[in-house]
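Counting from 998, one number per residue, gives the positions in the sequence shown under the numbering used here.
Positions of the beta carbon are idealized from the N, C-alpha and C atoms, including for glycine.
From a predicted model like this one, the values you see are computed outputs, not experimental measurements.
What follows is a single structure, written as structure tokens, with notes after it.
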Amino acid sequence: MIYLDYSATTPMAEKAIEAYAEMARQYFGNSSSLHLGGEEALDILTVARKSLADLLTIPAHSLYYTGSGSEANFLTITGLAEANQNKGKHILALQTEHHSVKQALHYLENKGFSLTFVEVDTTGRIIVEDLINAIQPETILATFAHASGELGTVQDLVRIHNLLKKHDILLFSDCVQTFGKIDIPIDVIDAFSISAHKVYGPKGLGAAIIDPKIQWKPFLKGTTHEAGFRSGTVDIPAIVAFSVAAEETFTHQTGEANRLEELRQHFIKRLKEDPAFIFEGHPTERLPFHIGLRRKGIEGQLLMLECKRKGLAISTGSACRAGLTEPPASLLAIGRSTSDAHEYVRITFGRHTSKEDVDYLLEVLLNISANFKEEFNGKQ
């Protein structure tokens, strides 16, 4: 199988696997226990937290481990909103947000908060005028993902921050898709989320980063783990593997981003030979490894399955929503029709993607398109 779905997950790096195995064998203690095994686990947890925090250039005590990026989104958004509701109960968001963000927002809506979804343009970027008009005296929080996992479009968080800070509005950003891939403007974000399995680390582990100056409330009261942010015994082997994987990813971030951008441009140039393919998302302000496209007249599910038959793994959007019949919400948010949205497929490159892989993908896609044209013309 040629794997081209790196936005969904990544294979664990060998160094991360080795680190996980070593920690699991030798340091299995509960970091909250007072015996020697617990103390050893706590020491390792402290070192691993500082290692990851140093990569992000943040204080270690601002980083809270969670069970996933999705959980980090939910706990951070609800925690920030409920801790600051004395200032107001209005929140801004985008329709292109990850479903875990929307789940948190709907939870808050049921708790008496009001929401405004800011409009995006046809490429998925925030319409600044609509953002300005959406701000209310009661607005306390805005949640805008750094990049859309479905569209690949990257938001200008610096410009957004400059608008929000005039009104003392907190900015949370889902950075799961950008962590370790492109630079995150951490200085302008009040809180953000990341995930281990997007950077060749283990699944079932994420982190929330919250500026220590900002108040938050725990979702479950009485929790002692992670300074009360999240309940449950922390997974020391996974946390160490996360730090190892993240360090390796950060070391090669710039070079890998340039390499994948070259592959992406090569792919786009070749596929444009067939005008039936339509590219979605912003053409330049986007993730360097991400391609979102449609083939007019062919459902994305069919295109994905045909690629599967040829040994290629691509997707029709967010893996967290796989198996559902509704089209990608991001496509509808940028003004595409339901039928257009159902044509959408996502192709994402990663560490093990070669030019030969991309050329084979091009061959398969162009052949599928050509065969469809012949079949369609034969029926007319």
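Item, Value
"How is residue 1060 classed by DSSP in three states: helix, strand or coil?", "strand"
"Whose CA, out of 1114, 1097 and 1235, lies closest to the CA of residue 1069?", "1097"
"Under 8 Å between the Cβ atoms of residue 1190 and residue 1177?", "no"
"In terms of residue numbering, what span does the beta strand (DSSP E) encompassing residue 1342 cover?", "1341 to 1345"
"Classify residue 1209: buried if its beta carbon has 16 or more other beta carbons within 10 angstroms, exposed otherwise.", "exposed"
"Sorted by chain position, which residues of the same chain lie with C-beta nearer than 6 Å to residue 1234's C-beta, five sequence neighbours on each side aside?", "1017, 1020 and 1021"
"Less than 7 Å between C-beta atoms, sequence neighbours within five positions excluded: which residues of the same chain meet that for residue 1338?", "1324, 1325, 1328 and 1329"
"Distance cutoff 8 Å, beta carbons only. Does residue 1296 sit that close to anything in chain D?", "Reference to chain D is not applicable here, since this structure consists of a single protein chain."
"How far does the alpha helix (DSSP H) with residue 1252 in it extend, from its first residue to its last?", "1250 to 1268"
"DSSP three-state call for residue 1098: helix, strand or coil?", "helix"
"How big is the Cα-Cα spacing for residue 1264 and residue 1359?", "7 Å"
"Say whether the segment 1291 to 1301 touches the segment 1340 to 1356, bearing in mind that this needs 3 or more beta-carbon pairs closer than 8 Å, one atom from each stretch.", "yes"
"Please state whether the Cβ-Cβ distance between residue 1115 and residue 1105 is less than 8 Å.", "no"
"Using the beta-carbon count (16 or more within 10 Å), is residue 1278 buried or exposed?", "buried"
"Between the C-alpha atoms of residue 1389 and residue 1008, what's the straight-line distance to the nearest angstrom?", "This structure does not reach residue 1389, given that the chain is present from 998 up to 1377, and the question cannot be answered."
"Using the C-alpha atoms, what's the distance from residue 1223 back to residue 1171?", "20 Å"
"With a threshold of 6 Å on Cβ separation, who are the neighbours of residue 1258 within its own chain once the five nearest residues in sequence on each side are excluded?", "1285"
"How many angstroms separate the CA atom of residue 1013 from the CA atom of residue 1361?", "33 Å"
"Helix, strand or coil, according to DSSP, for residue 1143 in the structure here?", "coil"
"For the candidate residues 1165, 1332 and 1182, whose alpha-carbon lies nearest to that of residue 1092?", "1332"
"Residues in the same chain with beta-carbon distance under 8 Å from residue 1245, minus the five sequence neighbours each way, listed in chain order, please.", "1010, 1012, 1013 and 1197"
"Can you tell me where the alpha helix (DSSP H) holding residue 1185 begins and where it ends?", "Where residue 1185 is concerned, there is no enclosing alpha helix (DSSP H), given that its DSSP letter is neither H nor E."
"Are residue 1073 and residue 1169 close, meaning C-beta to C-beta below 8 Å?", "yes"
"If you drop the 5 nearest sequence neighbours on each side, which residues of the same chain put their C-beta closer than 6 Å to that of residue 1274?", "1268, 1290 and 1292"
"Less than 8 Å separating the beta-carbons of residue 1185 and residue 1231?", "no"
"Give me, in chain order, the residues of the same chain whose beta-carbon lies closer than 7 Å to that of residue 1243; leave out the 5 immediate sequence neighbours on both sides.", "1049, 1052, 1177, 1196 and 1198"
"Buried or exposed, going by whether 16 or more other CB atoms sit within 10 Å of the CB of residue 1152?", "buried"
"Taking only runs of the beta strand (DSSP E) that begin and end inside the segment 1170 to 1244, which ones reach a length of at least 3 residues, in chain order?", "1188 to 1192 and 1203 to 1207"
"Identify every residue that forms a DSSP beta bridge with residue 1087.", "1111 and 1136"
"For a test of the three-state rule: what should DSSP assign to residue 1165, helix, strand or coil?", "coil"
"Compare the beta carbon distance of residue 1157 and residue 1188 with 8 Å and say whether it is the shorter of the two.", "no"
"Round the Cβ separation of residue 1095 and residue 1136 to the nearest angstrom and send it over; I've been treating them as touching at under 8 Å.", "No, residue 1095 and residue 1136 are not in contact; Cβ-Cβ is about 21 Å, not under 8 Å."
"Between 1251, 1193, 1336 and 1270, which lies nearest to residue 1067 when the distance is taken from Cα to Cα?", "1193"
"Here's the rule: buried if 16 or more other CB atoms are within 10 angstroms of the residue's CB, otherwise exposed. What is residue 961?", "In the structure as shown, the chain begins at 998 and stops at 1377. Residue 961 is therefore absent and cannot be evaluated."
"Classify residue 1366 as buried or exposed, calling it buried when 16 or more other Cβ atoms lie within 10 Å of its own Cβ.", "buried"
"Classify residue 1148 as helix, strand or coil using the three-state DSSP reduction.", "coil"
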